[in-house]
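Enquirer: Please read through the structure below; I'll follow up with questions.
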DNA sequence: GCCGTTTTCGGCCCGACTGTTTTCAGTCG
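Numbering (our numbering), first residue to last: 47 to 619.
Written out as structure tokens, the structure is:
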């Protein structure tokens, strides 16, 4: 049973309860529970098997009632109360709520008055001017709804971290020159390093917001202005992404940065802590009565509550408050800790650069080593190397090594795990590599048990050291293959295989949640870029962000080690 | 529906913006 399947049921329950005009706090309880379930690093079914209902109730936001629903879902695959709710409403009505500008109240009203229950019917009614006659509606609201529908149609949903980062940098570059801008900081899920970004949140401090708002909404790559107020504006960029700008007074910088970074549940928690102290927290600061007692710096947003500073990547309500209160937050890995890249391709297969060029680029980044790991023979699309070519390639890696100083070029390969779990080269070849990566490039559609067994079998080969992009997903393009990651992680521990966190922003595989589980189980991680050209070596930063989200520290990641220790660790079988 | 070193009942984050409201509801983050 997947945690996310149940999280989705709880999220939808919340939406349906909102349509019923239920107690808003009950609705929030469902949302909170769904959010916490999504963020769990282990499987609900395993938790239940081990500890039953009491174990489920130890999960924050899960009490008596919800634990019973989880139990029901584990046993039957269904939640009856949810099923019953869905029968009370037309099937597509949730799609109405998800149109920007529409909410449960509006959806329900339109359903009652005009029998609208699908986005298509809503669009038709709005085009025919039928909405403006309803009490509380007018021409503008009608136009807004039409705009929301077209926005929804054009929106590609979420954006990759690298694309969002590039736009954020562009906006910062353009706006930092505007008159009166003191500080400018991209916040939101981008700052938390989430793998995909819904919209950009940019924070600026200034005492004169108006001209900054004007400059923002007039940026050349802005296609629509959604709202434009005194201190807050929202626009659509030409790639379809929404960007929000907030301008606050410099004395509120810390509180605003904290607030706009989120996540939402994390913010609510800080505000509740404030209440307990008789204070109030908003994006403008920490207040005792009308007096601001903190929030000029972001550090104060934690120190005032007796907490360690919580880095943005940890602000996901995954136990960061408990750890910060005890002074037990991890000292997160940093980009500067990385001493080498352990996954790279050259023009021997599907890369663009030579061995030497890749090594020179890695040296420029200050690395001590780089592993050249071209594809093995079965990966024909990538022009994988035959045994003969592979042996030749090892020689060429060694001779390239003699032509450069200050960096060690390691000879390796990214060897396919064949459908039966055997490796794509015989042991006599494998043993000649300094380090060997294995990974899946074919037969993605195997049943879960077979795929898991395939991977675990490969781990038993003593010449294999690293398992690359462990779930095979491509963000927004390809789902992960069916695989029991808990078993894979445990096998990695048993056979001393390091799991790769592939830093390419379209992979980020391991995910943050699996990184954390790996750490809990004592499985070592390597962060590599899988570069196919020299410029991609700089994608390492996205891998490090994901590792930080997974609470990883320097000692959890093997390519923070100097070369001698690295080889000792990986070859210790 | 959850939660508790003030509480097992009575709370539950806080503010901006918009439209149509004559004092505020709905939506969003």
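Ideal Cβ placement from N, Cα and C applies to all residues, glycine included.
Please identify the residue among 182, 204, 178 and 203 whose C-alpha is closest to the C-alpha of residue 192.
Expert: The shortest Cα separation from residue 192 among 182, 204, 178 and 203 belongs to 178.
Enquirer: Please list the terminal residues of the continuous beta strand (DSSP E) segment that includes residue 490.
Expert: Counting along the chain, residue 490 falls outside any beta strand (DSSP E), and DSSP gives it neither H nor E.
Enquirer: In the DSSP assignment, find the unbroken alpha helix (DSSP H) run with residue 326 in it and report its ends.
Expert: Per DSSP, residue 326 belongs to no alpha helix (DSSP H); it is in the beta strand (DSSP E), 326 to 328.
Enquirer: At a threshold of 7 Å, does residue 319 count as lining the ligand PLP (C-beta to nearest heavy atom)?
Expert: Among the components of this structure there are no ligands whatsoever, and the ligand PLP is therefore not found.
Enquirer: Within 10 angstroms of its Cβ, does residue 240 collect 16 or more other Cβ (buried), or is it exposed?
Expert: Under this definition residue 240 is a buried residue.
Enquirer: Excluding sequence positions up to five away, which residues of its chain have a Cβ less than 6 Å from the Cβ of residue 131?
Expert: Excluding positions up to five away in sequence, the list reads 62.
Enquirer: Can you give, in chain order, each stretch of the beta strand (DSSP E) that sits fully within the region 93 to 117 and has at least 3 residues?
Expert: Counting only runs of 3 or more, we get nothing.
Enquirer: Looking only at C-alpha atoms, which of 381, 155, 226 and 485 sits nearest to residue 421?
Expert: Closest option to residue 421, Cα to Cα, is 485.
Enquirer: Using only alpha-carbon positions, find the residue among 418, 392 and 508 that is nearest to residue 8.
Expert: Since the first residue of the chain shown is 47 and the last is 619, residue 8 is not available in this structure.
Enquirer: Here's the rule I'm using: 16 or more other beta-carbon atoms within 10 Å means buried, otherwise exposed. How should residue 134 be labelled?
Expert: Result: exposed.
Enquirer: Can you have a look at residue 81 and say buried or exposed, based on whether 16 or more other CB atoms are within 10 angstroms of its CB?
Expert: By the neighbour-count rule (16 or more Cβ atoms within 10 Å), residue 81 is buried.
Enquirer: Can you tell me which residues form a DSSP beta bridge with residue 270?
Expert: Residue 270 is bridged to 282.
Enquirer: Quick check on the DSSP output: the alpha helix (DSSP H) that includes residue 312 runs from which residue to which?
Expert: Here the alpha helix (DSSP H) through residue 312 covers 310 to 322.
Enquirer: Using a threshold of 8 Å, state whether the C-beta atoms of residue 530 and residue 587 are closer than that.
Expert: Not in contact: residue 530 and residue 587 (Cβ atoms no closer than 8 Å).
Enquirer: Determine the closest residue to residue 568 out of 584, 552, 382 and 599, with distance taken between C-alpha atoms.
Expert: For residue 568, the nearest C-alpha among the options comes from 599.
Enquirer: For the alpha helix (DSSP H) holding residue 338, just list the boundary residues, first then last.
Expert: Unbroken run through residue 338 is the beta strand (DSSP E), 337 to 340; no alpha helix (DSSP H).
Enquirer: DSSP three-state call for residue 549: helix, strand or coil?
Expert: Of the three classes helix, strand and coil, the one that applies to residue 549 here is coil, per DSSP.
Enquirer: Alpha carbon to alpha carbon, how far is residue 206 from residue 44? Give it in angstroms, no decimals.
Expert: Any answer about residue 44 is impossible in this case: the structure gives the chain only from 47 up to 619.
Enquirer: How would you call residue 211, buried or exposed, if buried means at least 16 neighbouring beta carbons within 10 angstroms?
Expert: So residue 211 ends up on the buried side.
Enquirer: Just reading off the alpha helix (DSSP H) that residue 128 is part of, what are its end residues?
Expert: From DSSP, the alpha helix (DSSP H) with residue 128 extends over 126 to 134.
Enquirer: Below 8 Å between beta carbons: does that hold for residue 456 and residue 473?
Expert: Contact: no.
Enquirer: Taking the continuous alpha helix (DSSP H) assigned at residue 589, which residues delimit it?
Expert: Residue 589 -> alpha helix (DSSP H) spans 586 to 595.
Enquirer: Please report the distance separating the alpha-carbon of residue 395 from that of residue 431.
Expert: The alpha-carbon atoms of residue 395 and residue 431 are separated by roughly 7 Å.
Enquirer: Write down the C-beta distance between residue 113 and residue 103 rounded to the nearest angstrom, noting that I regard them as a contact closer than 8 Å.
Expert: Residue 113 to residue 103, Cβ: 5 Å. Contact.
Enquirer: Cutting at 6 Å between CB atoms, please list the residues of its own chain near residue 218, excluding the five before and the five after it.
Expert: 230, listed in sequence order.
Enquirer: At which residue ranges does the region 190 to 246 contain complete beta strand (DSSP E) runs of 3 or more residues, listed in the order of the chain?
Expert: Qualifying beta strand (DSSP E) stretches, in chain order: 229 to 232.
Enquirer: Do residue 404 and residue 580 have their beta-carbon atoms positioned less than 8 Å apart in this structure?
Expert: Contact flag set, yes.
Enquirer: Take residue 109 and list the residues in its own chain whose beta-carbon comes closer than 7 Å to its own, dropping the five residues that flank it on each side.
Expert: Excluding positions up to five away in sequence, the list reads 103.
Enquirer: Identify whether residue 352 lies in helix, strand or coil by the three-state DSSP scheme.
Expert: DSSP places residue 352 in coil when its eight states are reduced to three.
Enquirer: So, at 6 Å on beta carbons, what are the nonlocal neighbours of residue 334 in its own chain, with the 5 sequence-adjacent residues on each side left out?
Expert: 325.
Enquirer: Return helix, strand or coil for residue 304, following the three-state DSSP convention.
Expert: DSSP places residue 304 in helix when its eight states are reduced to three.
Enquirer: Would you mind sorting residue 618 into buried or exposed? The rule is 16 or more other CB atoms within 10 Å of its CB.
Expert: That one is exposed.
Enquirer: Within the same chain, show all residues whose beta-carbon is closer than 6 Å to that of residue 465, passing over the 5 residues directly before and after it, in chain order.
Expert: 489, listed in sequence order.
Enquirer: Would residue 274 and residue 292 be called neighbours here (beta carbons separated by less than 8 Å)?
Expert: No, the Cβ-Cβ distance between residue 274 and residue 292 is not below 8 Å.
Enquirer: For residue 171, which residues in the same chain have their Cβ closer than 8 Å to its Cβ, ignoring the five residues on either side in sequence?
Expert: Result list for residue 171: 156, 160, 162 and 177, in chain order.
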